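First the structure, in the form of structure tokens, and then the observations on it.
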Amino acid sequence: MLNIPHNLYTAEQIRELDRIVTEQHNVSTAKLMARAGEAALISIKNHWPQAERLLVICGTGNNGGDGYELARQALESSYRVVVMQAGDDSNLTVETTAARDAVLAAGAKIQRFKDKLPSTDVIIDAMMGSGLDRDVVGEYKTVIDAINANKRTPVLSLDIPSGLHADTGSALGVAVKATICLSFMGLNKGLFMGEGPNYTGTVCFDSLNVPSAIYKEFTPVARRVSLENDAELLAPRERTGHKGLYGHLLIIGGDHGMPGAARVAAEAGARVGAGLTSIATRTVHSPILNQARPELMCYGVEKADDLTPLIQRANSLTVGPGLGQCDWGRDLFQRAIESGLPMVVDADALNMLSQNPQKHDNWI
């Protein structure tokens with residue numbers, strides 16, 4: 000996932016980006032499809048250099064057009080290509096029809112799915128793009144199930160795995176489990192959210208030569224964080240610095256029988272660099288946690304007022320690990336959200352939040 004953009008966009012933003020490119024910069028949809036096909040062929044050569052046989056499964060929308068373009072260019076590069084279509088011909092877009100005609104003229108025959116997929120070296124998923132917003136049914140579902148059942152054959156999904164919601168990352172009933180997802184023009188946030196990472200495999204990117212200035216017209220809805228690119232955001236620490244200079248994280252949780260959840264969260268906080276890490280938990284758990292991890296400070300709290308002085312000494316909070324759903328946990332949760340401190344809301348706290356939805360900009 001190296002060297003791909005950090006900015007993430009909605010499906011609607013990507014559609015608008017596509018419109019601007021075609022209408023204001025005179026780059027036709029057909030040309031974008033040709034570029035997508037070329038990028039996909041390069042990806043195949045890079046990731047599977049020994050591959051000789053390709054199975055390209057196309058839908059009827061423009062995602063299918065990208066697949067037909069790939070098939071045509073692969074035939075011209077002497078690959079043995081089987082082209083399969085899912086969806087009725089009556090639903091083909093104008094541009095996809097033209098791409099389909101071109102691959103037919105190149106000598107391909109369009110097959111339909113019957114009982115099983117033919118043997119191949121790489122499966123290319125070009126069925127459904129980022130506009131999908133309903134559950135996958137019928138022929139598409141049957142084909143996706145067949146792709147996922149063929150676990151030994153690598154899968155390249157063009158733009159987004161078919162069946163994955165581009166904004167939420169939810170599988171719409173069923174979705175292709177890709178080995179590589181080659182995304183075009185802009186990264187959909189759903190590739191990195193929800194169930195998305197379960198289906199995308201390794202995410203790669205090609206801008207299709209879209210002018211970089213166009214992206215300035217769009218405000219990303221989220222940003223990918225990666226250690227290799229964002230380490231500079233962390234200020235270097237002074238050699239003579241001490242733990243009191245690098246923040247105090249307070250973990251709130253660990254109801255009866257669940258001290259381990261609070262301990263794991265506290266260990267994570269210490270490992271990522273919190274100068275001081277404390278746990279506010281049931282009194283009975285405090286000596287156990289102190290004994291297990293002496294670098295963590297543990298405090299027994301039995302009511303919300305016990306928590307207040309601990310919050311006053313902290314810079315940030317994590318509330319929820321092992322918090323439970325009883326009155327003790329609810330009282331601590333309420334006191335935590337009243338603090339106004341930056342806070343990670345997790346685990347049982349999310350269940351409480353679902354019953355009384357609210358949002359703050361300094362919450363994660």
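Here numbering that gives the first Met the number 0 is used: the first residue of the sequence shown is 0, the next is one more, and so on.
Just so you know, even glycine gets a beta-carbon here, dropped at the ideal spot from N, CA and C.
No experiment lies behind these values; they were computed from the predicted model shown.
Practice problem: Ignoring anything shorter than 4 residues or poking outside the stretch 213–287, list the alpha helix (DSSP H) runs there in chain order. | Solution: 226–229 and 258–270
Exercise. Quick one: using the 10 Å Cβ neighbour count with 16 as the cut-off for buried, is Ser156 buried or exposed?
Key: buried
Practice problem: Using 10 angstroms around the beta-carbon of Gln209, count the other beta-carbons present and answer buried if the total reaches 16, otherwise exposed. | Solution: According to the sequence as given, residue 209 is Val; it is not Gln. Buried, by the Cβ-count rule.
Quiz item: Who are the Cβ neighbours of Trp327 in its own chain at under 6 Å, not counting the five residues just before and after it?
Solution: none
Self-check item: Completely contained beta strand (DSSP E) runs for the stretch 94–139, where each covers 3 or more residues
Solution: 121–125
Quiz item: Touching or not, the stretch 100–108 and the stretch 124–132, by the rule of three or more beta carbon pairs under 8 Å?
Solution: no
Quiz item: Taking just the CA atoms, how far does Thr96 sit from Gly268?
Solution: 54 Å
Quiz item: Whose C-alpha, out of Gly86, Thr92, Val93 and Ala29, is nearest the C-alpha of Leu69?
Solution: Ala29
Exercise. For Ala170, name the three-state secondary structure that DSSP assigns.
Key: strand
Quiz item: Does the stretch 198–216 come close enough to the stretch 170–182 that 3 or more CB-CB pairs lie under 8 Å?
Solution: yes
Quiz item: Is His5 helix, strand or coil when you go by DSSP?
Solution: coil
Exercise. Return the first residue and the last residue of the beta strand (DSSP E) that Gln49 is part of.
Key: Where Gln49 is concerned, there is no enclosing beta strand (DSSP E), given that its DSSP letter is neither H nor E.
Self-check item: Run of the beta strand (DSSP E) containing Thr201, from where it starts to where it stops
Solution: Thr201 to Asp205
Quiz prompt | Cβ shell of Ala260 (< 7 Å), same chain only, five flanking positions each side left out | solution = Gly252, Gly253, Pro320, Gly321 and Ala346
Self-check item: Ile250 beta carbon less than 8 Å from that of Ala265
Solution: yes
Quiz item: According to the Cβ coordinates, are Gly172 and Lys140 closer than 8 Å?
Solution: yes
Exercise. Note down the Cα distance separating Thr434 from Tyr8, rounded to an integer number of angstroms.
Key: No information on residue 434 is available, as it lies outside the stretch 0 to 363 that the chain covers here.
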